[in-house]
Amino acid sequence: MNLKDGVQIYVEARRSEGTPWAKGAQNLRSLQTHVGDVAIDGIRINDVVTFLDGPLTSPATWYKKYSVLRGFFRYWKARNELSNLPLPPPRRSPVQSFLPYVYSRTELRRLLVAASTVQRQFNCVIGGPTFRTMLLFLYGTGAMLGEALQLERKDVDLHKRRITIRSSRVHRSREIPIGSDLCEILLRYHRKHHRKDMMLDSNFFLTKDGEKIKADTANQTFQRVRKEAGIARHDKARYEPRIHDLRHTFAVHRLTAWLKHGADLNRMIPALSAYMGQHDLGAAERYLRLTPERFRTQLDKLSPKRSKKKWRDDVALMRFLDTL
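Note that the sequence shown covers residues 33 to 356 in my numbering.
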């Protein structure tokens, strides 16, 4: 496969997850300009080194470009287009200043009200009830936007309260249980919006015209709803709160609830990772630093230096996670 086609396919796969991924796509096209439209397996480490070490490249920019290339090459190696990753040794990651935005429950309620209000406008592609239900689904499951937009009616078993989540990025699905409240919300939406005369597509969440919702449309709609709800960052961050932050909010709120009830996080963090479709525990463990400060004493007990027994030592738990 040549590089041009490989870049196009990979960018489409990333965007299908619900994010514009503009900067990553730009980096890959810059690589294509740098090395030419060669075969993917014809790219050499030296080609990548000279690309990464371009003029005026800061450590943060180098690391971001490296991360994009690593994901791209891993994607094609998994599909047997590469035998080895043409990457130099990684450099130490620069300090990350960006933190996900965690919505308060008050802000979540304001988002839901705004979704119903703003989306009543005639020219809105996504109806208010649909977008409100989608927000509740994202917050209630921790799913990514792309996973929600790919959700089909056959994936939703409301009788068993089970949902099959499919990820185009890793070509793997997972089945998750949902609570009775979310199940009832999805059931009401299904009864009202899944009439045969209204549906042109098999997806669960549909536009007013009965078609599949595009990721760009959902992101733009969310920003309009967020502004109507009066939600903004006040920490000088470059990015305003995003729809993807509902996933982070789900994780942080769940961890906070477990901490309040004295749950054993050495067991619960792996379960949370599996539920959210994460293939390593690093992401779930990073959510711990976003929990309220009053829980720091309990969290200190999870430190490898102070806790003798870790979730990795629980054979039964690890066997269970391997089946998910």
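Backbone N, C-alpha and C fix where the C-beta goes; we use that ideal spot for every residue, glycine too.
Alpha carbon of residue i to alpha carbon of residue j, nearest angstrom
i	j	result
residue 155	residue 250	14 Å
residue 111	residue 145	44 Å
residue 297	residue 303	9 Å
residue 117	residue 42	16 Å
residue 211	residue 288	18 Å
residue 294	residue 300	11 Å
residue 66	residue 86	10 Å
residue 209	residue 306	12 Å
residue 137	residue 262	14 Å
residue 271	residue 292	30 Å
residue 269	residue 194	37 Å
residue 97	residue 56	8 Å
residue 171	residue 282	5 Å
residue 233	residue 135	32 Å
residue 141	residue 275	14 Å
residue 122	residue 224	52 Å
residue 248	residue 75	32 Å
residue 430	residue 70	Past the edges of the chain, shown from 33 to 356, lies residue 430, and the structure says nothing about it.
residue 357	residue 192	Only positions 33 to 356 of the chain appear in the structure, and residue 357 is not among them; the question remains open.
Assumed close pair residue i, residue j - CB separation to whole angstroms, cut-off 8 Å
i	j	result
residue 119	residue 101	7 Å
residue 165	residue 260	With a Cβ gap of about 18 Å, residue 165 and residue 260 do not count as contacting.
residue 236	residue 284	Not a contact, Cβ separation roughly 26 Å.
residue 108	residue 38	6 Å
residue 226	residue 185	6 Å
residue 157	residue 239	5 Å
Cut-off 8 Å between Cβ atoms - residues of its own chain near residue i, not counting five sequence neighbours on either side
i	result
residue 168	144, 214 and 217
residue 104	38, 39, 42 and 60
residue 265	133, 271, 272 and 273
residue 190	215, 218, 219 and 222
Beta-carbon contacts of residue i that lie in its chain and below 6 Å, excluding the five residues immediately before and after
i	result
residue 132	277 and 280
residue 33	72 and 113
residue 139	263
residue 221	165
residue 79	67
Chain-order list of residues whose beta-carbon lies under 7 Å from that of residue i (same chain, five-residue window excluded)
i	result
residue 147	160, 163, 164, 167 and 257
residue 290	297 and 300
residue 309	197, 199 and 206
residue 53	43, 46 and 47
Residue burial classification, residue i (beta-carbon count within 10 angstroms, cutoff 16)
i	result
residue 35	buried
residue 82	exposed
residue 77	exposed
residue 182	buried
residue 243	exposed
residue 174	buried
residue 255	exposed
residue 151	buried
| message | So within the region 169 to 222, which uninterrupted beta strand (DSSP E) runs reach at least 3 residues, ignoring any that extend past its ends? | response | You should have 194 to 199 and 204 to 209.
| task | Could you tell me which uninterrupted alpha helix (DSSP H) segments, each at least 4 residues in length, are contained entirely in the region 39 to 81, listed from first to last along the chain? | result | 54 to 67
| field | alpha helix (DSSP H) segments (min. 4 residues) lying fully within the region 221 to 267 | value | 247 to 261
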